Amino acid sequence: MAEIAAPQVPAEERKKNRLGLTLPEYQGSASTLCTGCGHDAITNQVIRAFYEMGVQPHMVAKMSGIGCSSKTPAYFLGKSHGFNAVHGRMPAISTGAMLANKQLVTIGVSGDGDTASIGMGQFIHLVRRNVPMIYIIENNGVYGLTKGQFSATADLHSKSKWGQENQMQPIDCCSLAIELGCGYVARSFSGDMKQLLALLKGAVAHKGLALLDVVSPCITFNNHEGSTKAYKWAKEHEMPLHEIGFVPFFEQVEAEVKPGETKRIDFPDGSHVILKRVGEDYDPTNKGQALLTLLKAREENLFLTGLLYTDTKTPDFCTQLNLVDQPLATLPESLTRPPKAVLEEVMERLR
Amino acid sequence: MTTLAAPEKPKAQTQIINDFSIEIATINGSGSQTANNMLMRSIFQMGIPCSGKNLFPSNIAGLPTWFTIRANGDGYIARKAETDILICMNPDTVFEDIRNIRPGAVCLYNEELPVSEDIRTDLIFYKVPFAKIVKECCPEPKLRRLVTNMIYVGAIDFLLNIDLQETFKALRKNFSRKPKAAEINIVAAQAGYDWAKANLAKRDPFRVERMSKTQGKIILDGNSAAALGAVFAGVTVLTWYPITPSSSLCESMIDYLEEYRIDKATGKQTFAHVQAEDELASIGMVLGAAWAGARACTATAGPGISLMSEFVGLSYYAEIPAVIFNVQRTGPSTGLPTRTMQGDIGLCATASHGDTKHPMLFPANLSECFEMAGDAFDLAERLQTTVFVMLDLDLGMNNWMGDPFAYPTRPLDRGKVLSAADLQKLGKFERYRDVDGDGIPYRTLPGTSHPAASYFTRGSGHNEKALYSEKPDDYRNNMDRLARKFDTARKLVPAPVEQAEPGAEIGFIAFGTTHDALQESRDQLRNEKSVKTSYLRLRGYPFSPRVKEFVARHKHVYVVEQNRDGQMRDLLALEVGADCGRLRSIRHYTGVAIDARFITSSILTQEGR
Numbered sequence: 003m004a005e006i007a008a009p010q011v012p013a014e015e016r017k018k019n020r021l022g023l024t025l026p027e028y029q030g031s032a033s034t035l036c037t038g039c040g041h042d043a044i045t046n047q048v049i050r051a052f053y054e055m056g057v058q059p060h061m062v063a064k065m066s067g068i069g070c071s072s073k074t075p076a077y078f079l080g081k082s083h084g085f086n087a088v089h090g091r092m093p094a095i096s097t098g099a100m101l102a103n104k105q106l107v108t109i110g111v112s113g114d115g116d117t118a119s120i121g122m123g124q125f126i127h128l129v130r131r132n133v134p135m136i137y138i139i140e141n142n143g144v145y146g147l148t149k150g151q152f153s154a155t156a157d158l159h160s161k162s163k164w165g166q167e168n169q170m171q172p173i174d175c176c177s178l179a180i181e182l183g184c185g186y187v188a189r190s191f192s193g194d195m196k197q198l199l200a201l202l203k204g205a206v207a208h209k210g211l212a213l214l215d216v217v218s219p220c221i222t223f224n225n226h227e228g229s230t231k232a233y234k235w236a237k238e239h240e241m242p243l244h245e246i247g248f249v250p251f252f253e254q255v256e257a258e259v260k261p262g263e264t265k266r267i268d269f270p271d272g273s274h275v276i277l278k279r280v281g282e283d284y285d286p287t288n289k290g291q292a293l294l295t296l297l298k299a300r301e302e303n304l305f306l307t308g309l310l311y312t313d314t315k316t317p318d319f320c321t322q323l324n325l326v327d328q329p330l331a332t333l334p335e336s337l338t339r340p341p342k343a344v345l346e347e348v349m350e351r352l353r
Numbered sequence: 010m011t012t013l014a015a016p017e018k019p020k021a022q023t024q025i026i027n028d029f030s031i032e033i034a035t036i037n038g039s040g041s042q043t044a045n046n047m048l049m050r051s052i053f054q055m056g057i058p059c060s061g062k063n064l065f066p067s068n069i070a071g072l073p074t075w076f077t078i079r080a081n082g083d084g085y086i087a088r089k090a091e092t093d094i095l096i097c098m099n100p101d102t103v104f105e106d107i108r109n110i111r112p113g114a115v116c117l118y119n120e121e122l123p124v125s126e127d128i129r130t131d132l133i134f135y136k137v138p139f140a141k142i143v144k145e146c147c148p149e150p151k152l153r154r155l156v157t158n159m160i161y162v163g164a165i166d167f168l169l170n171i172d173l174q175e176t177f178k179a180l181r182k183n184f185s186r187k188p189k190a191a192e193i194n195i196v197a198a199q200a201g202y203d204w205a206k207a208n209l210a211k212r213d214p215f216r217v218e219r220m221s222k223t224q225g226k227i228i229l230d231g232n233s234a235a236a237l238g239a240v241f242a243g244v245t246v247l248t249w250y251p252i253t254p255s256s257s258l259c260e261s262m263i264d265y266l267e268e269y270r271i272d273k274a275t276g277k278q279t280f281a282h283v284q285a286e287d288e289l290a291s292i293g294m295v296l297g298a299a300w301a302g303a304r305a306c307t308a309t310a311g312p313g314i315s316l317m318s319e320f321v322g323l324s325y326y327a328e329i330p331a332v333i334f335n336v337q338r339t340g341p342s343t344g345l346p347t348r349t350m351q352g353d354i355g356l357c358a359t360a361s362h363g364d365t366k367h368p369m370l371f372p373a374n375l376s377e378c379f380e381m382a383g384d385a386f387d388l389a390e391r392l393q394t395t396v397f398v399m400l401d402l403d404l405g406m407n408n409w410m411g412d413p414f415a416y417p418t419r420p421l422d423r424g425k426v427l428s429a430a431d432l433q434k435l436g437k438f439e440r441y442r443d444v445d446g447d448g449i450p451y452r453t454l455p456g457t458s459h460p461a462a463s464y465f466t467r468g469s470g471h472n473e474k475a476l477y478s479e480k481p482d483d484y485r486n487n488m489d490r491l492a493r494k495f496d497t498a499r500k501l502v503p504a505p506v507e508q509a510e511p512g513a514e515i516g517f518i519a520f521g522t523t524h525d526a527l528q529e530s531r532d533q534l535r536n537e538k539s540v541k542t543s544y545l546r547l548r549g550y551p552f553s554p555r556v557k558e559f560v561a562r563h564k565h566v567y568v569v570e571q572n573r574d575g576q577m578r579d580l581l582a583l584e585v586g587a588d589c590g591r592l593r594s595i596r597h598y599t600g601v602a603i604d605a606r607f608i609t610s611s612i613l614t615q616e617g618r
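So the protein lines, in turn, are chains A and B. If you want the working numbering, it's the 1-based position in the first sequence plus 2. If you want the working numbering, it's the 1-based position in the second sequence plus 9.
Structural data, given as structure tokens:
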């Protein structure tokens, strides 16, 4: 596992993806977060995932709420539209944007405060609706921008920078999402770049809401002894449920699936992931097992990562709404204003 | 119960033709709404201008509810404070109902109510055995409760000389998809009519005679009219959270969309509607959708506006179109959620934090609900900001007669949106630069295939290029441009309508549903007291320069509105500056719609006449 660094210019700068674009063309402006922030490592993997997947930058909408995490969309995909919304309300903005243009690839970045406290209502309804987008929680257990207050994902008995012990139960956004029918639920660690990259690519391929809860240590306010969101603690305690490899639809390599050792999850676009068993057998398509595993992790204070749950068949929100193929945003007047005869018919009925 | 008025039997009076009010006191949930609407429609079909107002509790079934109909051959259809004809069906309110009506009024009551006719000797009583009549005309016991109400419609038809065939026609229209229901109700109306004809001697002066003043007109509620306006304005996204009195606007819009906006070729929807988890989410979805290029709206009432205020501020600063239909009502929480008020003028003018101001449109009738819905979408996209359409419960939920709507002739105005081809031609794009000098910048939509298209949307901290900035000059320049944009809005919102009376020293300013009562009051002042008045009806905010001129031309200007604090008067005082001393105020705030007599007596008192 590599040490976390600020966004860096990768070596293979001139290598082009399937659209003929280079990796720097997926970068954004320079980060203004603290040096060593876990969020910057996630930013780097977002850049890489979108580059490697060959997503058209102009088709991407980058959404966020308020907080350190929510600043990050400025640091990736500089050629995409971005929207820094109000605190906890990024889900509603994103839902609206997807209604207007379902062809957009939407990525939302939020934090544990923005999602699990002020934005909890909007978050769970976003999940319920299965709005097609990637939703990343950059989870550090504290409010960074307001200087170190506990968030609602802080673990029981975890200590603040000033030695206070958290007495309340943490909210587990992954358990909630699984319960509410989310079809792609993953937990990762900003220090586990390989796993994070594969999970992000899977999220791009997934048609529906893809939730990534990424533990991302706050170098300034929550990186001390006694914190369960510190680098040291996370590195020492991370237990991947499997090794994950992503195979995009445009680079098909047939890997052999060995029962009991590997599992294959297919996405509607033709991409798939291969999950290689590392410990106990884990089936991410089994909702009951996923929930029980998370419950066990909470009780035993384990930091389990990987693809926790997946169901690639649930229709997303735009499909449920039976929208026309063309984005609603650009429908011509001939399709959105009924003809005069219709108004006359309505008027006749009211006379 | 004591006798309330002089014990004098009403004398035989001359006939009163096409000028009366009917009040029907029933129990909420007893199915009286259909009967009441049929009675109103029968009068309307006889050609007499009329209006109906439902005064209902925040309750599904069991609490008292009143429906009032005003019919007036001269076209006065504002609420009339006095009741001429009372129909008593509710035992809980019967004594108070009877106590409140004016001397000489009619009281038609259900035989089963404990009414003794000597409680008031100045009324004309008609006792009707509803249970007996309904038992004979409706063999199905389950349906009797519902059709009982049609019996009073039949009886009133007889007493007032309303053509029973018009009631039948109204019923068939109402139940066009359920002919069986129409027939059951027709039988009940006929039974009520026949019983009244056989058993009641007409002793009152009220009478309907055919006119042709409603020819070609329609009956509809304001919420449905606004919903239709949105549908014909090409709305593509509707989000909402149920709240009285705005829910029916959304439900009606969904009905129209599902009927007329399914793409015939594919069977798919050219629109999306979402019932959100709360008002925070419904306005958030509107902003997200409009940011990405949809024509998006939501509808709510005061409590919803409070919750939406943060996002409304973001819409102002980030310059994102939004249309909010505010169907105003009284009070927060368990205030008077089912009563009317023009109470959110101050709230909507500056909703949110920091320096924010928002255009508002004030429809006063059905046609304006329809047209201003369309105007609101055009203005929101033209100005890239939130536009409020200010209805109220009275306009939104009650049935009104009005002129049929004119098909929009103007193409949709999608505002300053740059396409990839535009960007190619221009070579550059700066999101918040005032290129045209009107304060309105250009925008691009996500998904625009051009390297210069993208920009980052955030609150107030940005420069002309939409880059993050906390520099004092950037902030001030942006705020000054937003002020210029608001000044541009002044020329774009619907202009006021003026009725100038030569030599009038008194001017009226009113808006929305106050209009009908005000017109009637002006006639009362002219005919009864020889007081001449001019009148300016506001239709949009920011105010036209004509408002200031109007104020300057009059000795006293009375701003008539339906709230306690004179919210519009205060807003006007800011605008007219030195002349604000001329501005006086008439404020009606009971939760019930304003009436002409209230305005007339307020003017006479304030003018010392």
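Just so it is clear, CB atoms sit at the ideal spot from N, CA and C, and this is done for glycine as well. Predicted model only: the values in this text are computed from it and were never measured.
Based on the DSSP secondary-structure assignment, which residues constitute the bridge partners of residue i?
i: HIS282/B; result: LEU247/B
i: THR307/B; result: THR248/B, ILE333/B
i: THR466/B; result: PHE85/A
i: LEU309/A; result: ALA188/A
i: CYS97/B; result: ALA34/B, TYR118/B
i: PHE78/A; result: GLN29/A
i: GLN151/A; result: TYR145/A
i: ALA63/A; result: HIS83/A, THR108/A
i: ARG452/B; result: VAL426/B
Assuming contact is defined by CB atoms lying nearer than 8 Å, are residue i and residue j in contact in what I supplied?
i: GLY602/B; j: ASP445/B; result: Note that residue 602/B is Ala in the sequence shown, not Gly. No, Cβ-Cβ distance for ALA602/B and ASP445/B is not below 8 Å.
i: LEU158/A; j: SER190/A; result: no
i: PHE65/B; j: ILE33/B; result: no
i: LEU330/A; j: THR245/B; result: yes
i: GLU390/B; j: ARG423/B; result: yes
i: TYR135/B; j: LEU180/B; result: no
i: GLN576/B; j: GLY355/B; result: yes
i: ALA281/B; j: LEU101/A; result: yes
i: LEU202/A; j: VAL62/A; result: no
Using 8 Å for Cβ pairs, my map puts residue i next to residue j. What's the rounded Cβ distance?
i: GLU319/B; j: VAL88/A; result: 5 Å
i: LYS289/A; j: HIS244/A; result: With 8 Å as the limit, LYS289/A and HIS244/A do not qualify as a contact, their Cβ atoms being about 17 Å apart.
i: ALA475/B; j: LEU432/B; result: That pair is no contact at about 15 Å.
i: SER192/A; j: ALA43/A; result: 4 Å
i: SER469/B; j: VAL336/B; result: 30 Å between Cβ atoms; not a contact.
i: VAL326/A; j: ASP272/B; result: 5 Å
Which chain D residues sit within Cβ distance under 8 Å of residue i?
i: ALA118/A; result: Chain labels in this structure do not include chain D; the protein chains are A and B.
Checklist line | Touching by the beta-carbon criterion (3+ pairs, under 8 Å), the stretch 290 to 301 of chain B and the stretch 327 to 345 of chain B | finding: yes
Item checked: Cβ contact check for the stretch 226 to 240 of chain A and the stretch 205 to 213 of chain A: 3 or more pairs under 8 Å -> no
Notebook entry, point to check: Listed from N- to C-terminal order along the chain, which residues in the stretch 229 to 254 of chain A have their beta-carbon within a distance smaller than 8 Å of any beta-carbon of chain B?
Noted result: none
Notebook entry, point to check: Given a limit of 8 Å on CB to CB distance, which residues of the stretch 230 to 260 of chain B reach chain A?
Noted result: LEU237, VAL240, PHE241, ALA242, GLY243, VAL244, THR245, VAL246, THR248
Margin query: Under 8 Å, with one C-beta from each stretch per pair, do the stretch 146 to 161 of chain A and the stretch 78 to 86 of chain A reach the 3-pair mark?
Written below: no
Next item on the list: Please list the residues of the stretch 303 to 337 of chain B that have a C-beta atom closer than 7 Å to any C-beta atom in chain A, keeping them in chain order.
Entry: ALA303, ALA305, GLU319, PHE320, LEU323
Next item on the list: State whether the stretch 385 to 404 of chain B contacts the stretch 303 to 323 of chain A, with contact taken as three or more CB pairs (one from each stretch) at a distance under 8 Å.
Entry: no
Notebook entry, point to check: Would the stretch 92 to 104 of chain A and the stretch 125 to 137 of chain A be scored as touching if the rule is three or more Cβ pairs under 8 Å?
Noted result: yes
Check: Which residues, taken in chain order from the stretch 434 to 463 of chain B, show a beta carbon closer than 8 Å to some beta carbon of chain A?
Finding: THR453, LEU454, PRO455, GLY456, THR457, SER458, HIS459, PRO460, ALA462, SER463
Item checked: Where the stretch 176 to 189 of chain A meets chain B: residues whose CB sits under 9 Å from a CB there -> none
Next item on the list: For the stretch 106 to 136 of chain A, enumerate the residues whose C-beta is nearer than 7 Å to any C-beta of chain B, in chain order.
Entry: LEU106, GLY123, GLN124, HIS127
Check: Given a limit of 8 Å on CB to CB distance, which residues of the stretch 18 to 35 of chain A reach chain B?
Finding: none
Check: According to a CB-to-CB cut-off of less than 9 Å, which residues of the stretch 278 to 296 of chain B neighbour chain A?
Finding: GLN278, THR279, PHE280, ALA281, HIS282, VAL283, ALA285, GLU286, ASP287, LEU289, ALA290, SER291, ILE292, GLY293, MET294, VAL295, LEU296
Check: Which of the residues in the stretch 78 to 91 of chain A, read from start to end, lie with their CB under 8 Å from any CB of chain B?
Finding: GLY80, LYS81, SER82, HIS83, GLY84, PHE85, ASN86, ALA87, VAL88, ARG91
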